[in-house]
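Peer 1: As numbered in my numbering, the sequence shown has no gaps in its residue numbers, which increase by one up to the final residue, 190. By construction, the Cβ of each residue, glycine as well, lies at the ideal position given by its N, Cα and C atoms.
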Amino acid sequence: TLRPDLILGSAYAPHPAARQLRSLGYRLEYLPQATSIDEIRGNIRRVAGLLGQATRGEALIANMDRRLELVAVATTHAPGALFYQPRGYTSGTQTLQHEALRLAGWRNISAELGIHGYGAIDLESLLLAEPTQIFTSAYAPGTASLAQRRMQHPALQRITSGRPIIDIAYKYWICGGPMIADAVAALAAAHDSRGDLRP
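Put into structure tokens, the structure is as follows:
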């Protein structure tokens, strides 16, 4: 039988299960959902401290920061982009996607439209915004659903015919961690397809 010294949970952990674990004498610590790179650093430091591995935690953060510095794009003329998901879900300010877009040299159109956190954007607003690039992050790629059909809308297909929607792996966002550097690298690489970036 597993008898862990420490159990890590999140705000989304089922509360009855958490109460039962605590009643059985287990130590349960909650981590907030990271919505920024600073919060990723904070979570790494907290877990490292709980495990008595502060030095290793700082090394992990330093490595992440080095990788971010290597892949980040500095520009004063960032082209517009956004994340667009089935059902029109998108990522505004106070999300990892927003910060990753910014670091990768893109303007987050969803944020400019006033969306905070995760919200929805209607197709008409998306078309009027004329994004240079549309990104998505498929939770279950290859699955068929009515929501997925929205991604095949003729108007959306038309504006992306010269620059297809790019899928950024969902694993980069599901739990904020050092892999955010991989997400920024993938977003930055999308500039290469059109040479749209000016210093």
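Do S101 and G79 come within 8 Å of each other at the CB atom, strictly closer than that value?
Peer 2: Within the sequence shown, residue 79 is the residue found at index 88, counting from 1. Within the sequence shown, residue 101 is the residue found at index 110, counting from 1. Taking 8 Å as the Cβ cut-off, G79 and S101 do not qualify as a contacting pair.
Peer 1: Take every Cβ of the segment 154 to 161, pair it with every Cβ of the segment 39 to 47, and state whether three or more of those distances are shorter than 8 Å.
Peer 2: These segments do not touch.
Peer 1: For T86, which of helix, strand or coil comes out of DSSP?
Peer 2: Along the sequence shown, read from residue 1 onward, the residue named residue 86 stands at position 95. T86 falls in the coil class under three-state DSSP.
Peer 1: Throw me the rounded Cβ distance for the A91 and V175 pair, which I believe falls under 8 Å.
Peer 2: As a working note, residue 91 is residue 100 in the sequence shown. As a working note, residue 175 is residue 184 in the sequence shown. The pair is a contact, with the Cβ atoms about 5 Å apart (cut-off 8 Å).
Peer 1: Here's the rule I'm using: 16 or more other beta-carbon atoms within 10 Å means buried, otherwise exposed. How should G16 be labelled?
Peer 2: Taking the first residue of the sequence shown as 1, we reach residue 16 at position 25. Flag for G16 reads exposed.
Peer 1: One question on the structure: do L51 and I35 come within less than 8 Å of each other, judged by their Cβ atoms?
Peer 2: Indexing the sequence shown from 1 puts residue 51 at position 60. Indexing the sequence shown from 1 puts residue 35 at position 44. Result yes, Cβ atoms of L51 and I35 sit closer than 8 Å.
Peer 1: Please give the ranges of any alpha helix (DSSP H) in the segment 45 to 115, keeping only runs that are unbroken, at least 4 residues long and fully inside the region.
Peer 2: Runs of the alpha helix (DSSP H) inside the segment 45 to 115: 45 to 62, 87 to 94, 100 to 103.
Peer 1: Return helix, strand or coil for S152, following the three-state DSSP convention.
Peer 2: Position 161 of the sequence shown holds residue 152. If DSSP states are grouped into helix, strand and coil, S152 belongs with coil.
Peer 1: Only counting the same chain, and skipping five residues up and downstream in sequence, which positions put a Cβ closer than 7 Å to that of R189?
Peer 2: Residue numbering aside, residue 189 sits at position 198 when the sequence shown is read from its first letter. Unreliable positioning characterises R189 in this predicted model, as indicated by a pLDDT of 49, which lies under 50. The coordinate reading is nonetheless provided below. Contacts found: T66, H68.
Peer 1: Going by DSSP, what residue range makes up the beta strand (DSSP E) through Y161?
Peer 2: Sequence index remark: in the sequence shown, residue 161 carries index 170 (1-based). It is not in any beta strand (DSSP E) - Y161 carries neither H nor E in the DSSP assignment.
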